[in-house]
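A.B. asks:
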Amino acid sequence: MEKFFSLKENGTDVRTEVMAGVTTFLTMVYILIVNPALLSSIGIPFEQVFMATVISAVIGTLIMGLVAKYPIAIAPGMGLNAYFASVVGAQGLSYQTVFGTVFIAGLLFLLISVTSLRKMIIDAIPNSLKYGITSGIGLFIAFIGLKNAGIVVPNESTMVTLGDLHQPGTVLALAGLFITLIFMARNIKGAIFIGMIVTAIIGYFIGLLNFDGVLSVPPTPVFFDIDIAGVFTNSLYSIVFAFLLVTIFDTTGTLIGVTEQAGLTKDGKIPRAKKAFLGDAIATTVGSMFGTSPSTAYVESSTGVAAGGRTGLTATVVAILFAASIFFSPLISAISSVQAITAPVLIIVGCFMMEGLAKVNWKIFDEAFPAFAIILTMPLTSSISTGIAIGFITYPLMKVFSGKGKSVHPLIYIFGLIFLVQLIFFPTH
């Protein structure tokens, strides 16, 4: 084990790596509750999503740990799951068809991961669009959290308004939000997960949470419940592109941030980067075949690095803990069925995703407005792909008319034209 993971070379040991893995798992285990809760709300069987979540997390994280040998965990991404649910709900598509878009996006990501296309795409897209996309998704999932909590509700004259704060579910969600925020303010490890458990306990005593057991035999996985043909008959190309683009951004950003934090970069470059991206791409592809939205590297991995994790052994421990969780499906199912328990997580994770706004140059209008347009349209149209399209259309246009057209990469013009045609002739809403 010492030789395989190069523990001494990285200044760590087995005990430190195991504790780091436990720390990372505790900070991201909420996905086992939130992901099935989101996707089962649109008709996908809970057991199917739960097992798919575990399978994709285990496979992706094991590849990251045993092949790329990084202390980074992979699981279905927040924001991407909410987008998946919104596509099914808003367009009336079957979830099998949308799984088809995830499957194709996963295959494309596999292709990009083993070629130089990945670097070309990442380098071509300006930072303002990258930050705008991430922040827009943050607002999007935070808004879903507010709706699920009953804090905001539909209104005929203003579209949305403040909900009834006396409703038991809303009271529980608000209590859970403030409890979790207190844990986070105190820098308690696993604050989000612990906050959910405390909220669940309160929900149980006030009669909102009921469960029949804690342990059970693992549910039977569902394999290849996918409609690939529907992707082409419904012209869902922009959705495939949206899944692909956001997954690339998420994984790249997390990989860079966590490896730099751990001191694993060399001359500003990430060793074994292709192997790391393969883990994410394979997890996304396999996850779609079992029944979940795209996977991504988790920024919560930074908590494990802070606890001393430096090698793939940390990720391997995370994968083992995810695998063990399949025996707790009754408890996880009960908790995820109460939206008031999971809503605070969506709101808080949305806040985390707003960090990039500080890096947008708001004093340069042709950089600022495309980012603003993305951030504005994603939550208000309930569509990540529409927000991305607006950004890719407005950015090159503003650069051309401000006399800076030559500074825009040709790929951005191509993407902008494709999105313009798609919005005009093949609208997704």
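Residue numbers (the working numbering): -19 to 409. Backbone N, C-alpha and C fix where the C-beta goes; we use that ideal spot for every residue, glycine too.
Can you tell me whether DSSP reads Lys(-12) as helix, strand or coil?
C.D. replies: In this structure, Lys(-12) counts as coil in the three-state DSSP scheme.
A.B. asks: Alpha carbons only, please: which of Asn15, Thr239 and Leu400 is nearest the one belonging to Asn(-10)?
C.D. replies: The option with the nearest alpha carbon to Asn(-10) is Thr239.
A.B. asks: Please say whether Thr81 and Ile219 have beta carbons closer to each other than 7 angstroms?
C.D. replies: In contact: Ile219 and Thr81 (Cβ atoms closer than 7 angstroms).
A.B. asks: How many Å lie between Ile404 and Ile84 at the Cα?
C.D. replies: Whole-angstrom Cα-Cα distance: 24 angstroms.
A.B. asks: Look up Ala303 in the DSSP assignment and give the residues it is bridged to.
C.D. replies: Partner(s): none; Ala303 has no beta bridge.
A.B. asks: Check whether the Cβ atoms of Phe5 and Ser309 lie closer than 7 angstroms to each other.
C.D. replies: Cβ distance not < 7 angstroms, so Phe5 and Ser309 don't count as in contact.
A.B. asks: Can you tell me which of Phe229, Ile172, Leu73 and Val133 puts its alpha carbon nearest to the alpha carbon of Asp430?
C.D. replies: In this structure the chain extends from -19 to 409, so residue 430 is not present and cannot be described.
A.B. asks: With DSSP as the reference, identify every bridge partner of Val132, one or two as the case may be.
C.D. replies: Per DSSP, Leu142.
A.B. asks: Could you have a look at Ala287 and say whether DSSP puts it in helix, strand or coil?
C.D. replies: If DSSP states are grouped into helix, strand and coil, Ala287 belongs with coil.
A.B. asks: Name the two residues that bound the continuous alpha helix (DSSP H) containing Thr276.
C.D. replies: Looking at the DSSP string, Thr276 is not in any alpha helix (DSSP H); the run it does join, the beta strand (DSSP E), is Ser275 to Ala277.
A.B. asks: Along the alpha helix (DSSP H) that carries Pro390, what are the first and last residues, could you check?
C.D. replies: Here the alpha helix (DSSP H) through Pro390 covers Pro390 to Phe405.
A.B. asks: For Ser93, which residues of its own chain have a beta-carbon under 7 angstroms away from its beta-carbon, when the five flanking residues on both sides are left out?
C.D. replies: Contacts found: Lys254, Phe257, Leu258 and Ala261.
A.B. asks: Tell me whether Ala53 sits in a helix, a strand or coil according to DSSP, three-state version.
C.D. replies: Coil at Ala53, not helix or strand.
A.B. asks: Do Thr361 and Lys169 have their C-beta atoms within less than 7 angstroms of each other?
C.D. replies: Cβ atoms of Thr361 and Lys169: not closer than 7 angstroms.
A.B. asks: Between Ser96, Ala53, Leu97 and Leu19, which has its C-alpha nearest Val68's C-alpha?
C.D. replies: The candidate whose alpha carbon is nearest that of Val68 is Leu19.
A.B. asks: What would DSSP say about Lys254, mapped onto helix, strand or coil?
C.D. replies: The answer is helix: DSSP assigns Lys254 an H, G or I state.
A.B. asks: Output yes or no for whether 7 angstroms exceeds the beta carbon distance between Thr291 and Lys49.
C.D. replies: It is a contact, given that the beta carbons lie within the stated cut-off.
A.B. asks: For the structure I just gave you, are there three or more beta carbon pairs, one from the segment 295 to 302 and one from the segment 56 to 68, closer than 8 angstroms?
C.D. replies: Cβ pair count under 8 angstroms is below three, so no.
A.B. asks: Looking at Leu224 and Phe120, is the spacing between their C-beta atoms short of 7 angstroms?
C.D. replies: Not a contact, by the Cβ cut-off of 7 angstroms.
A.B. asks: Which residue spans inside the segment 9 to 44 form an unbroken alpha helix (DSSP H) run of at least 4?
C.D. replies: Whole alpha helix (DSSP H) segments, 4+ residues: 11 to 20 and 26 to 42.
A.B. asks: Could you check what DSSP says for Lys246 in three-state terms: helix, strand or coil?
C.D. replies: DSSP places Lys246 in strand when its eight states are reduced to three.
A.B. asks: Beta-carbon separation of Gly243 and Pro51 under 7 angstroms?
C.D. replies: No; because the gap between Cβ atoms is not below 7 angstroms, this pair is not in contact.
A.B. asks: Gln241 lies in the alpha helix (DSSP H); which residues open and close that run?
C.D. replies: Unbroken alpha helix (DSSP H) run through Gln241: Tyr217 to Gln241.
A.B. asks: For Ile321 and Asn15, I'd like the C-alpha separation in whole angstroms.
C.D. replies: Approximately 13 angstroms, taken between the alpha carbons.
A.B. asks: What three-state label does DSSP hand Val318 in the structure shown?
C.D. replies: Residue state, collapsed to three classes: coil.
A.B. asks: On the CB-based measure, 16 or more other CB atoms within 10 Å of its CB, does Gly125 come out buried or exposed?
C.D. replies: Buried, by the Cβ-count rule.
A.B. asks: Among the residues of its own chain, which have a CB less than 6 angstroms from the CB of Leu161, if the five just before and after it don't count?
C.D. replies: So no residue of the chain qualifies.
A.B. asks: List the whole-angstrom C-beta distance separating Leu109 from Pro350, where the pair is believed to meet the contact cut-off of C-beta under 8 angstroms.
C.D. replies: Right, their Cβ atoms sit about 6 angstroms apart.
A.B. asks: Between which two residues does the alpha helix (DSSP H) carrying Arg98 extend?
C.D. replies: Start and end: Leu97 to Ala104.
A.B. asks: Please report how far the alpha carbon of Arg(-5) lies from the alpha carbon of Gly1, in whole angstroms.
C.D. replies: The straight-line gap from Cα to Cα measures roughly 10 angstroms.
A.B. asks: Counting only the same chain and skipping the five closest in sequence on each side, list residues whose C-beta sits under 8 angstroms from that of Pro198.
C.D. replies: Around Pro198: Met31, Ile306, Phe307 and Ser309.
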